[in-house]
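Chains as they are written, first to last, in my numbering: chain A, 2 to 206; chain B, 2 to 206.
Written out below as structure tokens is the structure these notes cover.
Number of protein chains: 2
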Amino acid sequence: MAAQPVSDVVINRLPLYLRMLEFMQKEGKTITSSQELGERLALSSAQIRKDLSYFGEFGKQGTGYNIEYLQKMLRHILHVDRPWDVVVIGAGDLGRALVHYQGFAEQGFNLVAIFDNAPQKIGMTVGHLVVQNIADLPQVVHEKQIEMAVLAVPAQAAQGVANQLCELGIRAILNYAPITLTVPSNVRVYYIDPVVGLQSMAYYL
Amino acid sequence: MAAQPVSDVVINRLPLYLRMLEFMQKEGKTITSSQELGERLALSSAQIRKDLSYFGEFGKQGTGYNIEYLQKMLRHILHVDRPWDVVVIGAGDLGRALVHYQGFAEQGFNLVAIFDNAPQKIGMTVGHLVVQNIADLPQVVHEKQIEMAVLAVPAQAAQGVANQLCELGIRAILNYAPITLTVPSNVRVYYIDPVVGLQSMAYYL
DNA sequence: TTAGAATCGTCAACAAATTCACAAATGAAT
DNA sequence: ATTCATTTGTGAATTTGTTGACGATTCTAA
Numbered sequence: 002m003a004a005q006p007v008s009d010v011v012i013n014r015l016p017l018y019l020r021m022l023e024f025m026q027k028e029g030k031t032i033t034s035s036q037e038l039g040e041r042l043a044l045s046s047a048q049i050r051k052d053l054s055y056f057g058e059f060g061k062q063g064t065g066y067n068i069e070y071l072q073k074m075l076r077h078i079l080h081v082d083r084p085w086d087v088v089v090i091g092a093g094d095l096g097r098a099l100v101h102y103q104g105f106a107e108q109g110f111n112l113v114a115i116f117d118n119a120p121q122k123i124g125m126t127v128g129h130l131v132v133q134n135i136a137d138l139p140q141v142v143h144e145k146q147i148e149m150a151v152l153a154v155p156a157q158a159a160q161g162v163a164n165q166l167c168e169l170g171i172r173a174i175l176n177y178a179p180i181t182l183t184v185p186s187n188v189r190v191y192y193i194d195p196v197v198g199l200q201s202m203a204y205y206l
Numbered sequence: 002m003a004a005q006p007v008s009d010v011v012i013n014r015l016p017l018y019l020r021m022l023e024f025m026q027k028e029g030k031t032i033t034s035s036q037e038l039g040e041r042l043a044l045s046s047a048q049i050r051k052d053l054s055y056f057g058e059f060g061k062q063g064t065g066y067n068i069e070y071l072q073k074m075l076r077h078i079l080h081v082d083r084p085w086d087v088v089v090i091g092a093g094d095l096g097r098a099l100v101h102y103q104g105f106a107e108q109g110f111n112l113v114a115i116f117d118n119a120p121q122k123i124g125m126t127v128g129h130l131v132v133q134n135i136a137d138l139p140q141v142v143h144e145k146q147i148e149m150a151v152l153a154v155p156a157q158a159a160q161g162v163a164n165q166l167c168e169l170g171i172r173a174i175l176n177y178a179p180i181t182l183t184v185p186s187n188v189r190v191y192y193i194d195p196v197v198g199l200q201s202m203a204y205y206l
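Encoded structure:
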């Protein structure tokens, strides 16, 4: 599909295209153009055409893109045309809020287990899940062949848990802990830190 | 301070430097080097020196950087050497989890009010705050001269609330809603969407 | 006092990312 | 049937971002 690897910045924009296409579809639209997509995403139309061109030809000259078809192709490219099972580590306020969030399942990411190491949290019901002992993590990861994890533990525990996840074969970590993780090069980390966001924006105020 | 504007990618790395410096300080270290910072942040040492050089000369040849001093300078550059008041819009699971999170206040971001439009949520206590009617937002923003907001409402409500925030003079929005917002060019938006993160990483699996 | 190791700040070289601009194709309107 | 307004996909040009390399400085230790 991709002879020479497509760069990270391109891959990171594809989910935004997908999200906008879903939005347009809900509006009842069936076709769109790189220009319209660009305007609504605050990107240039050339950028969008170029990004898509790394993966194939999905549009029709003079007409634009069929929204449903382009969605389908993007899901295929991103490997989200199948469900993924995901484990959540940490049953604090954040971990629990994540389990209650419907947005993951809507996009095919099933949060199938939540773990914590605090005895008073183990056994607690969170949405449709029961908090499990972190000691049971290896078994669950192995049995369900989990490849993705959400890390929602305090900063001081994050690196230790990350090490464990990597050893268990997890290859993608969505990290909410405010710390840069050190992981093997075959493991991906996506960082979410709201404080970093506010600090970046404060610069411009 | 910055003759020709410093690019966004550079600004977005500064909080990571700051975060790492705080971490090192907790480890008891007092000085560091661009090389050490680079290794721990998975960046090149040249990158770090280059980034800092846009703002001045903070290191000492042969020695490196004084951690406390560099922290202080970075806080000054980012305008986080003062507290910022921030409002939270949306008192769902996410909004409530954010109010409970101590990480904002630790970095000088004070969540001073939380709003919702649902009658059954208004009046509810969340941490040290009481959920207020969204109708009271203009008054609070004006009285406390708020410039930053966290948007934690459902996707379908997000653009409407964002419009209101912009009209009220808010200049920085931390957006958790899974939608690309259209805002005036003088307003910054920092996007947090965990699903986008998982989708990006799924590409590599 | 001097030698040597470490490190910064910066200019130039290099690489990556974005934009430009246009041929080719499409569909609508006359 | 022909014209015209759109729109794609892409190679080239341009812009932006990263890395290399080195003079200058600092500290340590013999």
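Where a beta carbon is used, it is the ideal one built from N, C-alpha and C, also for glycine.
All values derive from a computational prediction rather than experimental measurement.
Could you work out which residues of chain A lie near residue i, taking near to mean beta carbons separated by less than 8 Å?
{"i": "Y204(B)", "result": "I12, L15, I78, L79, H80"}
{"i": "Q108(B)", "result": "V196, L199, Q200"}
{"i": "H143(B)", "result": "The premise fails here: H143(B) is roughly 17 Å from chain A at the closest Cβ pair, so nothing lies under 8 Å."}
Would you mind telling me which residues of chain A sit closer than 7 Å to residue i, beta carbon to beta carbon, in chain order?
{"i": "I193(B)", "result": "I193, P195, G198"}
{"i": "S201(B)", "result": "I12, N13, P16, Y191"}
{"i": "P179(B)", "result": "R20, G104"}
{"i": "R41(B)", "result": "T181"}
{"i": "A163(B)", "result": "The contacting residues do not exist; A163(B) stays about 13 Å from chain A at best."}
{"i": "H101(B)", "result": "D94"}
Measuring only the C-alpha atoms, how far is residue i from residue j?
{"i": "A3(A)", "j": "A106(B)", "result": "With a pLDDT of 45 at A3(A), under the threshold of 50, the modelled position of that residue is not reliable, and the figure given next carries that caveat. Looking at the two C-alpha atoms, the distance is approximately 45 Å."}
{"i": "M21(A)", "j": "I180(B)", "result": "7 Å"}
{"i": "V113(A)", "j": "S201(B)", "result": "20 Å"}
{"i": "N118(B)", "j": "V132(B)", "result": "9 Å"}
{"i": "I32(B)", "j": "E28(A)", "result": "56 Å"}
{"i": "L138(A)", "j": "I90(A)", "result": "9 Å"}
{"i": "A203(B)", "j": "I12(A)", "result": "10 Å"}
{"i": "H77(A)", "j": "V190(B)", "result": "29 Å"}
{"i": "G39(A)", "j": "P195(B)", "result": "22 Å"}
{"i": "F116(B)", "j": "V88(B)", "result": "8 Å"}
{"i": "E168(B)", "j": "E148(A)", "result": "44 Å"}
{"i": "Y192(B)", "j": "F59(A)", "result": "27 Å"}
{"i": "A159(A)", "j": "Q140(B)", "result": "40 Å"}
{"i": "Q165(A)", "j": "A178(A)", "result": "15 Å"}
{"i": "R41(A)", "j": "F24(A)", "result": "11 Å"}
{"i": "T64(A)", "j": "Q36(A)", "result": "11 Å"}
{"i": "L19(A)", "j": "D82(A)", "result": "12 Å"}
{"i": "A173(B)", "j": "I123(A)", "result": "39 Å"}
{"i": "D86(B)", "j": "Q26(A)", "result": "38 Å"}
{"i": "V100(B)", "j": "M74(B)", "result": "28 Å"}
Count the other CB atoms, across all protein chains shown, that sit within 10 Å of the CB of residue i; report buried if there are 16 or more and exposed otherwise.
{"i": "L206(B)", "result": "exposed"}
{"i": "V10(A)", "result": "exposed"}
{"i": "Q146(A)", "result": "exposed"}
{"i": "K61(B)", "result": "exposed"}
{"i": "N187(A)", "result": "exposed"}
{"i": "N176(A)", "result": "buried"}
{"i": "P16(A)", "result": "buried"}
{"i": "S54(B)", "result": "exposed"}
{"i": "K51(B)", "result": "exposed"}
{"i": "G96(B)", "result": "buried"}
{"i": "Q108(B)", "result": "buried"}
{"i": "A92(A)", "result": "buried"}
{"i": "G198(A)", "result": "buried"}
{"i": "Q5(A)", "result": "exposed"}
{"i": "A43(B)", "result": "exposed"}
{"i": "Q72(A)", "result": "buried"}
{"i": "A136(B)", "result": "exposed"}
{"i": "A47(B)", "result": "exposed"}
Give the range of the alpha helix (DSSP H) segment to which residue i is assigned.
{"i": "A47(A)", "result": "46 to 54"}
{"i": "A173(B)", "result": "No alpha helix (DSSP H) holds A173(B); the beta strand (DSSP E) holding it covers 173 to 176."}
{"i": "Q121(A)", "result": "It is not in any alpha helix (DSSP H) - Q121(A) carries neither H nor E in the DSSP assignment."}
{"i": "L182(A)", "result": "Taken as a continuous stretch (DSSP letters only), L182(A) belongs to no alpha helix (DSSP H), as it is neither H nor E."}
{"i": "Q133(A)", "result": "No alpha helix (DSSP H) contains Q133(A), which is instead part of the beta strand (DSSP E) from 130 to 134."}
{"i": "V190(A)", "result": "First-last for V190(A): 189 to 192, but that is the beta strand (DSSP E), not the alpha helix (DSSP H)."}
{"i": "L1(A)", "result": "Chain A is shown from 2 up to 206; residue 1(A) falls before or after that span and cannot be answered."}
{"i": "G65(B)", "result": "No alpha helix (DSSP H) contains G65(B), which is instead part of the beta strand (DSSP E) from 65 to 67."}
{"i": "A159(A)", "result": "156 to 168"}
Over the uninterrupted beta strand (DSSP E) stretch that includes residue i, give me the two end residues.
{"i": "F110(A)", "result": "110 to 117"}
{"i": "V87(B)", "result": "85 to 90"}
{"i": "Q5(B)", "result": "Where Q5(B) is concerned, there is no enclosing beta strand (DSSP E), given that its DSSP letter is neither H nor E."}
{"i": "Y102(A)", "result": "Y102(A) -> no beta strand (DSSP E), and no H or E assigned at all."}
{"i": "V142(B)", "result": "Where V142(B) is concerned, there is no enclosing beta strand (DSSP E), although the alpha helix (DSSP H) it sits in stretches over 138 to 145."}
{"i": "L38(B)", "result": "Run containing L38(B): none in the beta strand (DSSP E); it sits in the alpha helix (DSSP H), 35 to 42."}
{"i": "A150(A)", "result": "149 to 152"}
Just to make sure I have the definition right: I need the residues of chain B whose C-beta is within less than 9 Å of the C-beta of residue i. Which are they?
{"i": "M149(A)", "result": "L199, M202, A203, L206"}
Could you tell me which chain A residues have their CB closer than 9 Å to the CB of residue i, listed as they occur along the chain?
{"i": "R172(B)", "result": "M202, Y205, L206"}
{"i": "D52(B)", "result": "Here the premise fails: no neighbours, minimum Cβ distance about 13 Å."}
Just the chain B side, please: which residues come within less than 8 Å of residue i by C-beta, in chain order?
{"i": "A158(A)", "result": "Within chain B, no residue comes near A158(A); the closest Cβ sits about 14 Å away, beyond 8 Å."}
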